[in-house]
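Novice: Below are the structure tokens for one structure; questions will follow.
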Amino acid sequence: MTGHEPSGSVVLRVLRAALHTGFYLLLVIATTRLFATDRPRGVMMLALFGVLALAALYAVGALPRRVAHHRRAALLWLACVTALWAALLAVSPDFSWIAFPLFFLHMHLLRGPHAVVAVVVVTALVIATQLAHAEEFSVAMVLGPSMGAGFAVLVAWGYAAVHRESQQRRLLIEDLRRTRSQLAVSQHEAGVAAERERLAGEIHDTIAQGLSSVVLLLRAAEAALPAESTTARGHLVEARDTVSENLAEARGLVSELGPPALNEGGLADALRRLCERVERESGLRCRLRLDGTAHGLPADYEVALLRAAQASLANVVQHAGADSATVTLGYLRTEVTLDVYDDGVGFDPVFSRAPRPDGSGFGLRSLRERIERLGGVFELESTGGGTVVAIRLPLREEVSR
Numbered sequence: 005m006t007g008h009e010p011s012g013s014v015v016l017r018v019l020r021a022a023l024h025t026g027f028y029l030l031l032v033i034a035t036t037r038l039f040a041t042d043r044p045r046g047v048m049m050l051a052l053f054g055v056l057a058l059a060a061l062y063a064v065g066a067l068p069r070r071v072a073h074h075r076r077a078a079l080l081w082l083a084c085v086t087a088l089w090a091a092l093l094a095v096s097p098d099f100s101w102i103a104f105p106l107f108f109l110h111m112h113l114l115r116g117p118h119a120v121v122a123v124v125v126v127t128a129l130v131i132a133t134q135l136a137h138a139e140e141f142s143v144a145m146v147l148g149p150s151m152g153a154g155f156a157v158l159v160a161w162g163y164a165a166v167h168r169e170s171q172q173r174r175l176l177i178e179d180l181r182r183t184r185s186q187l188a189v190s191q192h193e194a195g196v197a198a199e200r201e202r203l204a205g206e207i208h209d210t211i212a213q214g215l216s217s218v219v220l221l222l223r224a225a226e227a228a229l230p231a232e233s234t235t236a237r238g239h240l241v242e243a244r245d246t247v248s249e250n251l252a253e254a255r256g257l258v259s260e261l262g263p264p265a266l267n268e269g270g271l272a273d274a275l276r277r278l279c280e281r282v283e284r285e286s287g288l289r290c291r292l293r294l295d296g297t298a299h300g301l302p303a304d305y306e307v308a309l310l311r312a313a314q315a316s317l318a319n320v321v322q323h324a325g326a327d328s329a330t331v332t333l334g335y336l337r338t339e340v341t342l343d344v345y346d347d348g349v350g351f352d353p354v355f356s357r358a359p360r361p362d363g364s365g366f367g368l369r370s371l372r373e374r375i376e377r378l379g380g381v382f383e384l385e386s387t388g389g390g391t392v393v394a395i396r397l398p399l400r401e402e403v404s405r
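If you read the sequence shown in my numbering, its first letter stands for residue 5, the second for the next number, and so on.
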């Protein structure tokens with residue numbers, strides 16, 4: 005049904021157009037008949053001014069349909085239009101016909117008994133004007149305006165019924181659109197869940213199994229070393245611990261859990277252990293700075309920030325040739341920030357957005373996409389004196405309080 009306007013709305017638009025057209029047509033006819041009579045020039049000029057003022061006032065209020073949005077202004081507009089019409093009616097009974105569109109305006113803008121009273125008053129003015137300008141009494145002078153008022157009331161009630169039906173139809177269409185959107189979201193989530201289940205199976209059958217085998221091989225190699233090979237044994241222990249940690253990460257992904265490092269404490273503790281491990285394994289001086297008071301964050305935020313620190317420090321170790329790195333975690337009022345700075349050789353940040361021939365370079369692009377999916381900002385600055393990875397994630401209202 006999208007793309008098609010409800011038939012009720014079309015009917016309402018046609019009725020409004022007919023009402024406005026009828027008003028101006030009757031105003032032109034009455035003005036023409038007025039100037040065909042023999043009246044003083046001053047009266048004619050005053051009447052012409054009144055006609056122009058009524059036409060302009062009606063256009064200001066009715067044609068742009070502004071009166072429907074501000075009820076007090078609408079009532080003031082209706083009162084001014086009625087007063088101008090009454091003044092013109094006192095000049096010539098030919099303006100009596102304009103009462104017919106006025107009936108609809110009063111029925112539409114006023115409520116309940118007030119609308120009926122207004123219609124009765126307008127009808128009485130028309131009848132009084134007809135009697136005042138007639139040479140003798142005629143039943144048609146009373147019957148005609150009264151029947152016109154009754155017909156206008158019935159049509160106005162029908163217009164209101166069509167309007168209500170149109171509103172109900174519009175609400176129904178909006179509800180159908182919302183339902184369709186919710187169905188699309190549900191289908192998307194179902195597709196995502198199915199894909200995650202597929203990836204979990206792939207990770208379990210490949211990466212997790214392979215890492216498990218590596219752990220067993222490292223344990224066997226450690227047991228086979230002579231007792232005096234302390235250096236080699238230490239390296240094997242480090243390698244085994246690293247592989248065991250990555251195996252736990254893979255199993256956490258399979259079971260749709262967060263990183264195991266976060267299960268042993270908060271994000272700050274996980275980053276501190278990460279810096280200690282990087283320093284122990286690579287010799288790079290790595291320090292953690294904490295700005296603000298640490299507090300709980302959404303799970304997806306903690307995972308994203310921990311992954312960002314892991315990926316950034318891995319790049320520092322592999323490519324930067326740096327002596328030190330600093331990880332700064334900031335808890336601000338409206339956002340949480342993570343900065344990773346190193347004093348290495350730097351590189352051209354433009355290359356971080358494009359894939360490389362050897363298949364590397366995926367980490368930073370993947371990290372940028374993850375942060376942007378959370379509504380955050382990922383920035384990378386690099387010069388000959390080092391590199392800074394800066395991340396900002398907006399805090400949700402319930403978290404920032």
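Quick reminder that beta carbons are idealized off the backbone N, C-alpha and C, glycines included.
Nearest by alpha-carbon distance to Y62: which of L38, G26, V349 is it?
Specialist: Checking every option, the nearest Cα to that of Y62 belongs to G26.
Novice: Have a look at L378, G195, A324 and flag the residue whose alpha-carbon is nearest the alpha-carbon of V393.
Specialist: The candidate whose alpha carbon is nearest that of V393 is A324.
Novice: State the CB to CB distance for the pair V121 and V47, rounded to an integer number of angstroms; the pair is presumed to be in contact (CB under 8 Å).
Specialist: In fact, because the Cβ distance is near 31 Å, the residues do not count as touching under 8 Å.
Novice: For the beta strand (DSSP E) containing I102, name the first residue and the last one.
Specialist: That residue, I102, is in no beta strand (DSSP E); it is neither H nor E in DSSP.
Novice: Take the Cβ of E306 as the centre, count every other Cβ of all protein chains shown within 10 Å, and call the residue buried at 16 or more, exposed below.
Specialist: Counting Cβ neighbours within 10 Å, E306 comes out buried, since at least 16 surround it.
Novice: State the DSSP-derived secondary structure class of R115, mapped to helix, strand or coil.
Specialist: Correct three-state label for R115: coil.
Novice: From D2 to I375, what distance separates their C-alpha atoms?
Specialist: Any answer about residue 2 is impossible in this case: the structure gives the chain only from 5 up to 405.
Novice: How many whole angstroms separate the CB atoms of L275 and A313, which I take to be in contact at a CB cut-off of 8 Å?
Specialist: L275 to A313, Cβ: 6 Å. Contact.
Novice: Once the 5 residues before and after T391 are set aside, which same chain residues still bring their CB inside 6 Å of it?
Specialist: Excluding positions up to five away in sequence, the list reads D346, G350.
Novice: For E383, write down the residues that DSSP places opposite it in a beta bridge.
Specialist: Looking at the DSSP assignment, E383 forms a beta bridge with A394.
Novice: Which partner residues does V340 have in the DSSP bridge list?
Specialist: Answer by DSSP bridge pairing, in chain order: Y335, L397.
Novice: What did DSSP end up calling R328 once you bin it into helix, strand or coil?
Specialist: Note on residue identity: the sequence assigns Ser, not Arg, to residue 328. Residue state, collapsed to three classes: strand.
Novice: Quick check: L406 and E226, are their CB atoms within less than 8 Å of each other?
Specialist: Because the chain here runs from 5 to 405, residue 406 falls outside it and cannot be looked at.
Novice: Would a C-beta distance cut-off of 8 Å place L31 and V55 closer than the cut-off?
Specialist: A contact, by the Cβ cut-off of 8 Å.
Novice: Apply the 10 Å Cβ neighbour rule to W81 and answer buried if 16 or more other Cβ atoms are within range, or exposed otherwise.
Specialist: W81 should be labelled buried.
Novice: Since A103 and V126 should fall inside the 8 Å C-beta cutoff, what is the C-beta to C-beta distance between them, to a whole number of angstroms?
Specialist: Indeed they touch by this definition, with Cβ atoms about 5 Å apart.
Novice: What number of angstroms, rounded off, separates the C-alpha of A252 from the C-alpha of D245?
Specialist: Answer to the nearest angstrom: the Cα atoms are 10 Å apart.
Novice: How big is the Cα-Cα spacing for L23 and F107?
Specialist: Between L23 and F107, the C-alpha separation is close to 11 Å.
Novice: How is D347 classed by DSSP in three states: helix, strand or coil?
Specialist: Coil, per DSSP.
Novice: Let me know if A379 comes out buried or exposed under the rule of 16 or more other beta-carbons within 10 Å of its beta-carbon.
Specialist: A small fix is needed here, since residue 379 is Gly in this sequence, not Ala. With fewer than 16 Cβ atoms within 10 Å of its Cβ, G379 is classed as exposed.
Novice: For the alpha helix (DSSP H) containing R281, name the first residue and the last one.
Specialist: That run of the alpha helix (DSSP H) goes 271-286.
Novice: Which residue wins for smallest C-alpha separation from A329, given the options A66, D98, G389?
Specialist: Comparing Cα positions, the closest option is G389.
Novice: Report the rounded CA-to-CA distance for L336 versus A188, giving the unit in angstroms.
Specialist: When rounded, the distance between both Cα atoms is 36 Å.
Novice: Mapping the DSSP letters down to three states, classify R293 as helix, strand or coil.
Specialist: R293: strand per DSSP, three-state reduction.
Novice: In angstroms, rounded to a whole number, what distance separates the CA positions of L109 and P149?
Specialist: Going by the C-alpha atoms only, they are around 16 Å apart.
Novice: Can the beta-carbon of L294 be found closer than 8 Å to that of L333?
Specialist: Contact: yes.
Novice: Return the Cβ separation of A57 and L88 in integer angstroms, given the expectation that the two are a contact with Cβ distance under 8 Å.
Specialist: About 6 Å; that satisfies the 8 Å criterion.
Novice: Three-state secondary structure (DSSP) at R97?
Specialist: The amino acid occupying residue 97 in the given sequence is Pro; Arg does not appear at that position. Three-state DSSP puts P97 in a helix.
Novice: For A298, report the span of its alpha helix (DSSP H) as first-last.
Specialist: That residue, A298, is in no alpha helix (DSSP H); it is neither H nor E in DSSP.
Novice: Quick one: Cα of E385 to Cα of V340, how far?
Specialist: Going from the Cα of E385 to the Cα of V340 covers about 19 Å.
Novice: Please classify A40: is it buried, with 16 or more other beta-carbons within 10 angstroms of its beta-carbon, or exposed?
Specialist: Under this definition A40 is an exposed residue.
Novice: Select from A21, A59, A308 the residue whose C-alpha is nearest the C-alpha of A34.
Specialist: The candidate whose alpha carbon is nearest that of A34 is A59.
Novice: Considering just the uninterrupted stretch of the alpha helix (DSSP H) at A40, what are its terminal residues?
Specialist: Note, A40: premise wrong, no alpha helix (DSSP H); not H, not E.
Novice: Report the three-state DSSP secondary structure of H137 (helix, strand or coil).
Specialist: If DSSP states are grouped into helix, strand and coil, H137 belongs with the helices.
Novice: Look at L158 and L113 and say whether their C-beta atoms are less than 8 Å apart.
Specialist: Going by C-beta atoms, L158 is not nearer than 8 Å to L113.
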